[in-house]
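Structure, as structure tokens:
Residue numbers (the working numbering): 1233 to 1463.
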């Protein structure tokens, strides 16, 4: 791991830690034995307890959720098995609330292949909710497409919801519980507001990627109190 990157701790207690992932760093390694440049390997260097929990993938340790590689912001880790199991259960029950700041350049007429007609509100001017299923799209499923038909080929079969609230003339706060890969990116593009820097979904070129995970809310397993962390 030749790169040197400082990872900021936003919150921690004896059972969990929340760090801020920089943009363009993978969240987790792709192999079990590789010393890859990713958030998990960077965090374990100063907080080795993230590798104590045993979950779906041993190489991820106590990682509770992932962010897309270009996305920056809050990532939650458990430091012991009990906390990991409880947080995973909260996530399965849609009890972990995640907020993202989505930044766009301008509204655009969607020209990408595979998107159905957009039936919801204008996210740049109104509060509202976007609902869809998702299906893999493109070579090796490199992208996703929202679909309103759960029977679509390669469809997830699960309905995903993104609540949007206008923050400024070029930013929207997106709130969700259950998340799918590229969910906010695809929903924003579908609505005609592709993220700055997100050329995969029709956004303009930008040195800064227009998506940051800015909030996490959940029940603290150690005392049952509701914990909200924002940046």
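For each residue, glycine too, the CB sits at the ideal point set by N, CA and C.
Using the Cβ count rule (16 or more neighbours within 10 Å means buried), how would you classify residue i?
{"i": "residue 1420", "result": "buried"}
{"i": "residue 1359", "result": "exposed"}
{"i": "residue 1385", "result": "exposed"}
{"i": "residue 1370", "result": "exposed"}
{"i": "residue 1262", "result": "exposed"}
{"i": "residue 1300", "result": "buried"}
{"i": "residue 1240", "result": "exposed"}
{"i": "residue 1285", "result": "buried"}
{"i": "residue 1418", "result": "buried"}
Just confirm the distance between the C-beta atoms of residue i and residue j, as a whole number of angstroms; I'd bet it's less than 8 Å.
{"i": "residue 1412", "j": "residue 1433", "result": "Going by Cβ atoms, the distance from residue 1412 to residue 1433 rounds to 14 Å, so no, they are not a contact pair."}
{"i": "residue 1287", "j": "residue 1320", "result": "7 Å"}
{"i": "residue 1390", "j": "residue 1398", "result": "The Cβ separation is near 27 Å, so there is no contact."}
{"i": "residue 1442", "j": "residue 1460", "result": "Not confirmed; about 24 Å, so no contact."}
{"i": "residue 1439", "j": "residue 1340", "result": "Not quite, the Cβ-Cβ distance comes to about 20 Å (not below 8 Å), so this is no contact."}
{"i": "residue 1323", "j": "residue 1297", "result": "7 Å"}
For residue i, report the span of its beta strand (DSSP E) as first-last.
{"i": "residue 1331", "result": "1329–1335"}
{"i": "residue 1367", "result": "1360–1369"}
{"i": "residue 1344", "result": "Taken as a continuous stretch (DSSP letters only), residue 1344 belongs to no beta strand (DSSP E), as it is neither H nor E."}
{"i": "residue 1403", "result": "1403–1408"}
{"i": "residue 1377", "result": "1375–1379"}
Suppose you measure from the CA of residue i to the CA of residue j; what does that come to, to the nearest Å?
{"i": "residue 1378", "j": "residue 1328", "result": "22 Å"}
{"i": "residue 1303", "j": "residue 1313", "result": "27 Å"}
{"i": "residue 1289", "j": "residue 1376", "result": "23 Å"}
{"i": "residue 1429", "j": "residue 1255", "result": "11 Å"}
{"i": "residue 1353", "j": "residue 1361", "result": "8 Å"}
{"i": "residue 1253", "j": "residue 1382", "result": "33 Å"}
{"i": "residue 1366", "j": "residue 1387", "result": "6 Å"}
{"i": "residue 1335", "j": "residue 1309", "result": "26 Å"}
{"i": "residue 1422", "j": "residue 1355", "result": "10 Å"}
{"i": "residue 1337", "j": "residue 1424", "result": "11 Å"}
{"i": "residue 1451", "j": "residue 1318", "result": "9 Å"}
For residue i versus residue j, is the C-beta distance shorter than 9 Å?
{"i": "residue 1331", "j": "residue 1407", "result": "yes"}
{"i": "residue 1306", "j": "residue 1281", "result": "no"}
{"i": "residue 1271", "j": "residue 1315", "result": "no"}
{"i": "residue 1364", "j": "residue 1342", "result": "no"}
Start and end of the alpha helix (DSSP H) containing residue i?
{"i": "residue 1308", "result": "Unbroken run through residue 1308 is the beta strand (DSSP E), 1304–1310; no alpha helix (DSSP H)."}
{"i": "residue 1274", "result": "1271–1278"}
{"i": "residue 1418", "result": "1415–1422"}
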